[in-house]
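Sequences listed follow chains A and B, in order.
Going by numbering that gives the first Met the number 0, the letters in the first sequence line up with residues 0 to 329, in that order.
Going by numbering that gives the first Met the number 0, the letters in the second sequence line up with residues 0 to 238, in that order.
Think of the CB as a built atom: it goes at the ideal place given N, C-alpha and C, for glycine as much as any other residue.
Note that the structure is a prediction, hence the values are computed from the model and not measured.
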Amino acid sequence: MKRCNRLCMILILLSISAGKLGAQQRVYDDKVVGRHSDEVLGVFVNGANTKFATCSLDETIKIWSLPSGKELRTLTGHIGQVNNLSFSGNDKQIASASSDHTVRIWDVESGKQLAVLNGHTAEVIGVYYSQDDSSGYIASTSFDQTVKLWDAKLYSEIKTLRGHTMQTNNVAYSYDGKYLASCSDDRTIKIWSTDMSTKTPLMTLEGHEAPVLTVLYSFDSKLLASADQDGVVKIWKMPAGELMRTINAHTELVQDVSFAQDNQTLLTGSLDKTVKLWNVKTGDNISTTNIGAEVWSVDLVSDASIIVAGCADGSVHLLTEKKNPMKGGK
Amino acid sequence: MKNIFSIIIFAAALFAFSTAARAQIVGAVVTVRGNVIDEVNRNPASVNLTFYDEQHKKVNSSRSNAKDGEYLVTGLKAGKKYTVEIEHPDYFKSEYSIKLPPTDKYTEISRDFLVKPLAKDVRMYMRLSPFEVKKSKIRVGAGDMLDELKHTLVMNPGVNFEIQCYPDADADKASNEKLTSERCKTLQDYFIKGGVMPSRIKIKPFDTADPVNAPPPPSKKMAKGKRYIGSTYIVVTKV
């Protein structure tokens with residue numbers, strides 16, 4: 000009995016220390032690797048972790064190399080601020096969303112503009128390429144309250160999804176290609192089917208108490224992260240749509256989030272000037288870095304060893320982990 | 000008996016055919032009703048509205064009610080395009096085009112109009128900003144609103160006005176003035192290019208934020224694409 004008690008004590012101590020290890024802080028070195036001439040509104044790391052792209056109020060898109068952070072190319076063509084962007088699943092194209100009411104498709108290698116997708120009637124604020132190898136579709140969302148699905152090969156509109164009652168703020172494709180999630184000022188998240196015919200939402204997730212600014216699926220499509228104007232992040236179990244966890248993540252609005260490849264580590268960036276990593280299973284904060292500038296957008300390489308942040312002062316930050324690197328992205 | 004029945008059927012068919020044919024030839028009647036509102040104080044405005052067809056032939060007219068600004072014009076033809084001229088000594092003369100739906104049955108449609116008061120020192124706020132945050136070029140989507148304003152200014156050649164632009168934040172005065180000067184100049188050039196005499200336009204850039212439509216406090220952060228954009232006004236300087 001005594002031996003059993005001792006064994007139990009050891010097991011309890013081991014589990015406590017394992018828990019502490021789970022919440023162990025990851026530490027990053029912060030370096031500004033370059034700048035746009037105005038606020039950086041979007042960041043996206045490609046699937047191979049070899050490049051990232053940024054977009055800005057200065058109406059340009061820049062492509063950078065990883066891990067060096069060297070600026071490779073500037074893409075021009077939009078005639079309004081570029082609000083967001085996304086690499087295609089095969090890393091060959093970039094789709095960008097702009098206040099000039101268009102979505103544009105770019106060839107990553109040549110920097111050439113391949114297409115201009117017209118159809119939204121207000122600022123396009125969110126865009127997401129399907130992440131399958133064929134990269135056949137693009138989803139976009141606009142202040143016109145709609146979500147549009149585009150054929151990325153034919154450059155044509157496939158369907159318009161209506162249902163949100165206020166401005167829609169961002170959209171995400173599930174990695175299995177079956178669903179789209181959109182979020183809105185109406186404080187809801189709507190889940191849509193990517194099939195060609197269904198135009199009504201499959202489900203509406205309610206629970207945020209402020210406009211929902213962004214949504215993102217994990218790599219296994221089993222989790223959905225959402226973030227709002229009050230700095231609150233929610234994790235939903237998918238496809239059930241069940242709320243799993245609420246994290247009071249930041250003191251200012253959170254405009255962007257990103258999952259690491261482990262489907263467990265979530266990156267958040269906020270106008271409170273910090274970028275944070277969270278374990279979504281436990282809710283533990285595993286890293287906080289104050290980078291001294293308001294953060295509009297964040298992304299990371301698959302193992303979270305490098306974080307990229309786009310800031311309101313035009314700077315592009317590369318945060319490199321000091322030790323114990325783990326893989327990720329949007 | 001059989002003959003009488005045949006005659007009734009024939010008469011009914013003839014009536015139906017002639018009605019349909021008449022509707023096709025003449026076009027179904029459409030009625031337009033709505034309210035006329037003062038753009039500055041949002042009160043109902045009593046003005047004269049005259050509808051002209053595509054050959055600029057007067058078709059009908061109405062006077063909006065002083066109580067609620069309501070007007071009604073009927074006898075218009077489905078599928079046709081009309082020009083509505085609005086006139087009153089207290090308001091800018093203005094003109095709008097209206098395209099009626101192609102319907103084969105009587106239809107009522109609604110159309111409200113905002114009218115700009117015509118008096119010295121009247122200050123009209125542009126509810127849709129012509130600019131994006133921190134920018135001085137005209138943003139995509141603002142063209143229709145500016146074209147309508149430009150057309151009204153051209154229709155009222157005796158009116159002089161001032162363009163007033165405020166910055167997006169109460170920050171650095173030098174950069175604020177640079178931005179608002181460029182915005183004023185952009186609008187001035189736009190109106191001149193559209194046919195407004197240069198001598199009618201003055202510009203007034205401000206280097207501090209608009210005290211009337213003030214920006215939110217710095218502590219209240221706004222999301223991407225929803226940021227405060229400095230106000231733009233058109234102020235009447237001579238009538």
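Neighbouring residues, chain A, relative to residue i (Cβ below 7 Å)
i	result
K223 (chain B)	L40, N82, I124, Q254 and W295
K177 (chain B)	Near K177 (chain B) there are no residues of chain A at all, since even the closest Cβ is about 14 Å away, more than 7 Å.
Beta-carbon proximity check, residue i vs residue j, cutoff 8 Å
i	j	result
Y178 (chain A)	S192 (chain A)	yes
G229 (chain B)	D167 (chain B)	yes
L266 (chain A)	L252 (chain A)	no
K158 (chain A)	M195 (chain A)	yes
V121 (chain B)	K149 (chain B)	no
C182 (chain A)	S139 (chain A)	no
E58 (chain A)	G118 (chain A)	no
P217 (chain B)	A208 (chain B)	no
N48 (chain A)	L65 (chain A)	yes
L299 (chain A)	I290 (chain A)	no
L113 (chain B)	I36 (chain B)	yes
K198 (chain A)	H163 (chain A)	no
Y154 (chain A)	L201 (chain A)	no
L71 (chain B)	R110 (chain B)	no
Under 9 Å from the C-beta of residue i: neighbouring residues of chain B
i	result
L56 (chain A)	E131, V132, K133 and K134
L212 (chain A)	A222 and K223
N289 (chain A)	Under the 9 Å cutoff, chain B gives no residues; its nearest Cβ is about 16 Å from N289 (chain A).
N247 (chain A)	Under the 9 Å cutoff, chain B gives no residues; its nearest Cβ is about 16 Å from N247 (chain A).
Burial state of residue i (16 or more Cβ within 10 Å)
i	result
S36 (chain A)	exposed
Q144 (chain A)	buried
K345 (chain A)	Nothing about residue 345 (chain A) can be reported from this structure: the residues present for chain A run from 0 to 329 only.
Y105 (chain B)	exposed
N42 (chain B)	exposed
K233 (chain A)	buried
S98 (chain A)	buried
T330 (chain A)	Coverage of chain A is limited to positions 0 through 329, which leaves residue 330 (chain A) absent and any answer about it impossible.
M237 (chain A)	buried
K66 (chain B)	exposed
Q130 (chain A)	buried
R161 (chain A)	exposed
S133 (chain A)	exposed
T213 (chain A)	buried
K91 (chain A)	exposed
Under 7 Å from the C-beta of residue i: neighbouring residues of chain B
i	result
Q228 (chain A)	A222
L270 (chain A)	K220
D194 (chain A)	The premise fails here: D194 (chain A) is roughly 29 Å from chain B at the closest Cβ pair, so nothing lies under 7 Å.
N354 (chain A)	Absent from the structure is residue 354 (chain A), since the part of chain A shown begins at 0 and ends at 329.
E205 (chain A)	Within 7 Å Cβ-Cβ: nothing; E205 (chain A) doesn't reach chain B, min ~19 Å.
E251 (chain A)	K220
N284 (chain A)	Within chain B, no residue comes near N284 (chain A); the closest Cβ sits about 21 Å away, beyond 7 Å.
Closer than 8 Å at the beta carbon, the chain A residues around residue i
i	result
R32 (chain B)	Simply none; closest approach about 26 Å.
Close Cβ partners of residue i (< 6 Å) along its chain, the five nearest in sequence each way excluded
i	result
F91 (chain B)	K115, L117, T151 and N155
E181 (chain B)	S135
E53 (chain B)	K80
K206 (chain B)	The residue asked about is misnamed: residue 206 (chain B) is Asp in this sequence, not Lys. Within the same chain, D206 (chain B) has close Cβ partners K172, N175 and E176.
T53 (chain A)	V39, V42, K61, G309 and V315
L20 (chain A)	Here the model assigns L20 (chain A) a pLDDT of 43, short of 50, so the residue's position is not dependable and the matter cannot be decided.
R21 (chain B)	Note that R21 (chain B) scores a pLDDT of 46, beneath 50, so its modelled location is shaky and nothing firm can be said.
G79 (chain A)	S97, S98 and D99
T18 (chain B)	Only weak support exists for where T18 (chain B) lies, its pLDDT of 47 falling under 50; the coordinates are left without a value.
G74 (chain B)	N59
R244 (chain A)	I234 and G282
S93 (chain B)	I85 and T151
Per-residue contacts from residue i into chain A (C-beta, under 9 Å)
i	result
V288 (chain B)	Because chain B here runs from 0 to 238, residue 288 (chain B) falls outside it and cannot be looked at.
heavy atom of the ligand MN below 7 Å from residue i C-beta
i	result
Y165 (chain B)	Only the bare structure without any ligand can be found here, which leaves the ligand MN out of the picture.
Contact set for residue i: own chain, Cβ-Cβ below 8 Å, skip 5 residues either direction
i	result
R72 (chain A)	K61, I62 and G110
A27 (chain B)	K76, A77, T102, D103, K104, Y105 and T106
K221 (chain A)	K236, M237 and N262
L12 (chain A)	Any reading at L12 (chain A) must be qualified, since the residue scores a pLDDT of 45, below 50, and its modelled position is unreliable; no value is offered.
D55 (chain B)	The displayed chain sequence assigns His, not Asp, to residue 55 (chain B). Counting only Cβ-Cβ distances below 8 Å, and skipping sequence neighbours, we find T82.
F51 (chain A)	V42, F43, V44, N45, I62, W63, L65, D298 and V307
Closer than 8 Å at the beta carbon, the chain B residues around residue i
i	result
E208 (chain A)	Those do not exist, as E208 (chain A) stays about 15 Å from chain B at its closest Cβ, beyond 8 Å.
D37 (chain A)	K133
N89 (chain A)	Within chain B, no residue comes near N89 (chain A); the closest Cβ sits about 27 Å away, beyond 8 Å.
Neighbourhood of residue i by C-beta distance below 7 Å, restricted to the same chain and skipping five residues each side
i	result
D312 (chain A)	A292
- Query: Of all the beta strand (DSSP E) runs that stay within the bounds of the segment 33-100 of chain A, which reach a length of 3 or more residues?
  - Reply: Runs of the beta strand (DSSP E) inside the segment 33-100 of chain A: 39-44, 50-55, 60-64, 70-74, 81-86 and 92-97.
- Task: Let me know the beta strand (DSSP E) ranges lying completely inside the segment 224-271 of chain A, each 3 residues or longer, listed in chain order.
- Result: Within the segment 224-271 of chain A, the runs of beta strand (DSSP E) at least 3 residues long that lie entirely inside it are, in chain order, 231-236, 241-247, 253-258 and 264-269.
- Entirely enclosed beta strand (DSSP E) segments - the segment 155-213 of chain B, minimum 3 residues: DSSP runs (the beta strand (DSSP E)) wholly in the segment 155-213 of chain B: 159-164 and 200-204.
- Message: Which residues of the segment 133-144 of chain A have a Cβ closer than 8 Å to any Cβ of chain C? Give them in chain order.
- Response: In the structure shown, chain C cannot be found, because the protein chains are A and B.
- Segments assigned beta strand (DSSP E), at least 3 residues, entirely inside the segment 91-143 of chain B: Fully enclosed beta strand (DSSP E) runs of 3 or longer: 93-98, 106-109, 112-114 and 122-124.
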